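Protein chains in written order, with this note's numbering: chain A, 68 to 373; chain B, 316 to 861.
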């Protein structure tokens, strides 16, 4: 187990190194000059040259990358080109909001996905099952931008149940968490349905029913816990999926997380911020996957980590 | 040597600047209905990058910085008329190269210390030193000793002298008629050395100025709160107790919140998709203030690339574009343009009719120039709405005269890069990156975007047009510093732009209007909501009525 963990952590470090190299390289070859974004339109050529030199952007690619990497291992993510603030400060200020949103989305997708999946499994083959599965298909496919604006329009503008965007209280969290979670809930409902159907077919459920237990008791205490187990392991992988969704969702709802930060940085070629957010997201994805793998043997003792 | 004395300087200068509104040449008259107090909420999509006046250079933080800091010069609210700011008066030497500013006494920074001439000198040294990385450093190029600052051989501007604690003398290396405008730019704001030293590069997040408001809270990614500076040196203003800037809000969400009464000014304006809906609703339309803007949207024709190296071809392009239709496409949010300068800019040539819209003649001219079957070319454009749609309209118009256009819609940074790379972009539609004047003076539309200095790698003269004769005329115009000869100077500038139109390196398309929406409780003259210098709103002078 320990050896496995160490091996996985080394792999994770290599993946992050690769991500940093590829991102840095792509930003380097991008036909857009960060110095011109900093210098603005009235800057004289010498101002531009000065800024380029001070930021070390006149150095060859490999030197720039090495500087970035040596800074990074010492915990220095650099300063934003345009804001001049430390990237670590900017990310630290926004990360809690993103984590809260993800947590909210996980809760939302589990509640929605598991409920729908169980109902569909019980009513398997019926009209309810089919309409639920079509709904889940739509949920998986719909663009988050559209879902977000739709929820915002109906529940915040028309019904005034929730505030229109913003941050700070539970009511602010509901709509963005639903928007981010709705795609996952589509997946979960489908997985929960098939997992539940498998379990309901198994011998111990038949035994439970045969010994005269009430239907609800069988479902709630015997079937559901076993059907949910394989799904728990999926949550770690969700983090990666969320990372791509937060940019859009945070933008629509004015949620002050790192997705917004990344989006603004990309517009202005603010390389240190883009690098920082990319690496933090990559960390989250790698750790999420690792977590998912580590949990699996506890859920299913037949699986061993080697 | 006699000095032109200018106490409370505006009248002579503004009369000569030649704008209609200048005829009255009054400083701002306090609004009799204004009530002090209250808080307003302003929203933005993007977080504020910085409030450091030496660094901030986008239209979002520009007016915020104006409310936190002051410079020696300022503008009368709602106009393009200069007035003294931290300077109480100034004198200009006869040859126009020495400016002596007398400072107001008793002006205090937000940290309580009195502002003196040393601070003025420090601030100008700071903005011109390369370590600051100020995008505005180049504006100070006419101050004696600037070159030594730029190449790092000096740490202080030779031309700026502290005469006594309330007098600062600035010597220029050449006459510069725009110098007072330069001193009104945010980049020339006076900052206290001790605060800059304390916060270093984070000064932009902990600004300390002399302005009407001070920053009281900044929660990154969420909001900034400005609090009234009770000791502000201009008496009676600001009216508002505080301003909350909520960031991270999509324009469409901001509009919905405004309609619910939760927001007072959506800083990013009315989203294009909602524009007609808002303007068709009388209740909402009456809360929209419309004004001009020192902006021109244009197509650059790269004179170094075939076939735009032929002046006939460029003139033909000027005749082939249906500007009225493009203005219609953006819901009439602009006025068709026929020259580089916008109509509200001094030096605009009123009686110029421009090239007619005449596709038959354009076709004939192409044939005469040796392109009877037209040609193929590329049009670079920024990829955000409405720019690709405008590019399609241009594409259709040009297909009428046989020119086949391939549209390259890219992110802003990529278009800017292509424009500044030699022989890369034959045509660029400037929308989304277009020139908005830094200060209301005709020279500001020439140097970087039409002069030889900008026609370099990494420059902003995307038509790569370089006419040394015009450069000489421009220099000549800007050496006329005598306010009494202002008319002559503006005529020279008008001549420069008319010559530009003859050579036709641009197709001027339209001048954008500004539409500022506000909540029903916002008070203050309409001019404050379309202030040419403070976008979207002049925060120091607006107030709330409830």
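No residue lacks a Cβ here, since even glycine has one placed at the ideal position from N, Cα and C.
In this text the structure is predicted, and so the values were computed from the model without any measurement.
- Here the segment 388–395 of chain B does not lie against the segment 462–477 of chain B, with fewer than 3 beta-carbon pairs under 8 Å apart.
- Taking a C-beta distance under 8 Å as the contact criterion, residue 146/A and residue 152/A qualify as a contact pair.
- The segment 118–138 of chain A makes no contact with the segment 325–334 of chain A: fewer than 3 CB pairs, one atom from each, lie closer than 8 Å.
- Secondary structure of residue 826/B (DSSP, three-state): strand.
- Following the DSSP letters along the chain, one finds residue 185/A inside the alpha helix (DSSP H) bounded by residues 154–189.
- For residue 475/B, the three-state secondary structure derived from DSSP is strand.
- Only 98, 99, 100, 103, 104, 105, 106 and 107 from the segment 81–107 of chain A bring a Cβ to less than 7 Å from some Cβ of chain B.
- Residues of chain B with a Cβ closer than 7 Å to the Cβ of residue 225/A do not exist, since the nearest Cβ in that chain sits about 10 Å away.
- For the C-beta of residue 617/B, not a single chain A residue is nearer than 7 Å; the gap to the nearest is close to 17 Å.
- Among the residues of the segment 515–542 of chain B, those with a Cβ less than 7 Å away from any Cβ of chain A are 516, 517, 519, 520, 535, 536 and 537, in the order of the chain.
- Put simply, the CB of residue 234/A is near chain B, with a gap under 8 Å to one of its CB atoms.
- Using a CB distance below 9 Å, the part of the segment 451–481 of chain B facing chain A consists of 451, 452, 453, 454, 456, 462, 465, 466 and 467, ordered along the chain.
- For residue 321/A, the chain B residues whose C-beta falls within less than 9 Å of its own C-beta are 358, 360, 537, 561, 562, 563, 564, 565, 568 and 569, listed in chain order.
- Taking 8 Å as the threshold, the shortest C-beta distance from residue 111/A to chain B falls below it.
- Between the alpha carbons of residue 637/B and residue 795/B lies a distance of about 38 Å.
- The way I'd put it, the segment 417–424 of chain B does touch the segment 394–408 of chain B; three or more beta-carbon pairs between them come closer than 8 Å.
- Beta-bridge pairing by DSSP links residue 610/B to 751/B.
- In the structure shown, the three-state DSSP call for residue 724/B is strand.
- Cβ contact annotation for residue 803/B (same chain, cutoff 7 Å, sequence separation greater than five): 795, in chain order.
- Residue pairing by DSSP puts residue 538/B in a beta bridge opposite 534/B and 561/B.
- Boundaries of the beta strand (DSSP E) harbouring residue 482/B: 482–486, taken from the DSSP string.
- Nearest neighbour of residue 851/B by Cα position, chosen from 369/B, 374/B and 360/B, turns out to be 374/B.
- Per DSSP, reduced to three states, the secondary structure at residue 529/B is strand.
- DSSP links residue 389/B through a beta bridge to 398/B.
- Note on residue 817/B: under 16 other CB atoms within 10 angstroms of its CB, so exposed under the neighbour-count rule.
- Under the criterion of beta carbons closer than 8 Å, residue 553/B and residue 527/B qualify as touching, at roughly 4 Å.
- Residue 165/A has a beta carbon lying at 8 Å or more from every beta carbon in chain B.
- Closer than 8 Å to the CB of residue 503/B there is not a single CB belonging to chain A.
- Contacts between residue 290/A and chain B, judged by CB atoms closer than 9 Å, are missing: the closest CB pair is about 43 Å apart.
- For the pair residue 777/B and residue 722/B, the CB atoms are not nearer than the 8 Å cut-off.
- The distance from the Cβ of residue 296/A to that of residue 185/A is about 14 Å, inconsistent with a contact at the 8 Å cut-off.
- Nearest to residue 819/B by C-alpha distance, out of 635/B, 844/B, 752/B and 768/B, is 635/B.
- The criterion of a C-beta distance shorter than 8 Å is satisfied by residue 633/B and residue 822/B.
- In the structure shown, residue 581/B falls within a strand segment according to DSSP collapsed to helix, strand and coil.
- For residue 144/A, no beta strand (DSSP E) run applies, since DSSP gives it neither H nor E.
- Within the same chain, and ignoring the five residues on either side of residue 345/B in sequence, the residues whose Cβ sits closer than 7 Å to its Cβ are 551.
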